[in-house]
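Note sheet for the following structure.
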Amino acid sequence: MDVAQLVPLAGVAIQCPAVPGRACPAKEVVVTVDNATATPVVIGGTRGGPSAPTLRQDRWWLQPLVTVTILTAFIVYSTWAIFVNKDYYVGATLHRDLISPFYSPCIAASCVPGSVGTTVVASWWHITPALIVMGGPLGFRLTCYYYRRAYYRGFWQSPPNCAVADGHRRYTGESRFPLILQNIHRYFFLIGLIFNVILTIDAVMAFRMPGAGGIGFSVGTLVLCVNAVLLWLYSISCHACRHLCGGNVRSFSRHPLRHRVWKLLTPLNARHMQFAWASLVFVAFTDLYVRLVASGVITDPKIF
Ligand code: FES
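With this note's numbering as the guide, the letters of the sequence shown map in order to residues 2 to 305.
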């Protein structure tokens, strides 16, 4: 039976031609969910599914295309921002205390004056200090359940979208090296919390206007605050966070506090995708804003 001629989806049978450009057979055949033959997916075996790449006629390719475009733009920009190693801090000379999230905490000997926290931990480090700290946030994002779905679809075509054939002939899931390492996401979640605390401290410190009257609120302060809030929303909407708070519980009635937290997190968890994209784009925007102020391209307007 040639399934390229059929649309056995959602219990609806659509007659040929289902795929534009494909020739119809002399005799049309109709298949429903009831009489369609399922091909089981086997770990390590041949990918299941129909022989036709897809029977979908909507713009299923748009979602993976947008994913690839945004993630590629972010990777290119962040790589440049990390290695350019300048203009990541706005200090007392401009009466501000703004640091790029890519360089915080700045703990290397090579950090520009004023950007260093209380201690230089990596006194032996003399190349870009962003490289020391990027591992935590990068690992958190890379192993995120949502991003995994997004980049598996976008970059690996595995599969590109629902009801679209996998770009690879074999399917191994995440049961083998290296993808089995994705399971360490729950630990990266905890590391991500440490960075959230640090970036929240940066946002609080951005209220300082050194040499210009102590405390104030500028656009830069607002940008760092929004960045911190979005990062917290991204973290607390994480699936690992929801499981940590409400998982492994046999009876919620015996754990009312965990139940309350779980109920609080569940609607946030449903919006994890939105928080993932918003926080990703905004973290790059925050770096760009600090960079533009630090390099003198723009001034940071004081609101009050
Ligand atoms: S699932 Fe996305 S951050 Fe945990």
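Using N, Cα and C, we set each Cβ at its ideal position, and we do this for glycine too.
Relative to the non-hydrogen atoms of the ligand FES, the Cβ of His-273 comes within a distance shorter than 7 Å of at least one. At the C-beta level, Val-91 and Val-291 come within 8 Å of one another. Counting only runs that start and end inside the region 42 to 124, the alpha helix (DSSP H) elements of at least 4 residues fall at 63 to 85.
Inclusion of Asn-270 and Ser-238 in the CB contact set at 8 Å is warranted, their separation being smaller than that value.
Not a single heavy atom of the ligand FES lies less than 7 Å from the C-beta of Ala-151. In this structure, the beta-carbon distance from Ser-101 to Asp-288 falls below 8 Å. Where Met-206 is concerned, the enclosing alpha helix (DSSP H) starts and stops at 186 to 206. For His-244, the shortest separation between its Cβ and any heavy atom of the ligand FES does not lie below 7 Å.
Counting the other CB atoms within 10 Å of its CB gives Ala-207 a total of 16 or more, which places it among the buried residues. Measuring C-alpha to C-alpha distances from His-273 to each of Arg-150, Phe-103, Leu-63 identifies Arg-150 as the nearest. Assignment of Met-210 by DSSP, reduced to helix, strand and coil, places it in the strand class. DSSP, reduced to helix, strand and coil, places Gly-247 within a helical segment of the structure shown. The C-beta of Asn-228 has 16 or more other C-beta atoms within 10 Å across all chains shown, which makes the residue buried. In the DSSP annotation of this structure, the continuous segment of the alpha helix (DSSP H) that includes Phe-141 starts and ends at 136 to 143. Rounded to whole angstroms, the gap between the alpha carbons of Ile-83 and Phe-253 is 45 Å.
Here Gly-221 carries a helix assignment [DSSP, helix/strand/coil].
In the three-state reduction of the DSSP assignment, Arg-170 falls in the coil class, being assigned neither a helical nor a strand state.
Spatial neighbours of Gly-168 in its own chain (CB-CB distance under 8 Å, excluding positions within 5 residues in sequence) are listed in chain order as Trp-157, Gln-158, Ser-159, Pro-160, Pro-161. Taking one beta carbon from each stretch, the region 102 to 112 and the region 126 to 142 have 3 or more pairs nearer than 8 Å; the two touch.
Separation of His-244 and Val-230 (C-alpha to C-alpha, rounded to the nearest whole angstrom) is 21 Å. Here Ile-216 carries a strand assignment [DSSP, helix/strand/coil]. Annotation for Trp-278: the continuous alpha helix (DSSP H) segment containing it runs 273 to 295. Pairing Lys-87 with Tyr-153, the inter-Cα distance amounts to about 34 Å. Residue range 257 to 270 is occupied by the alpha helix (DSSP H) that includes Val-262.
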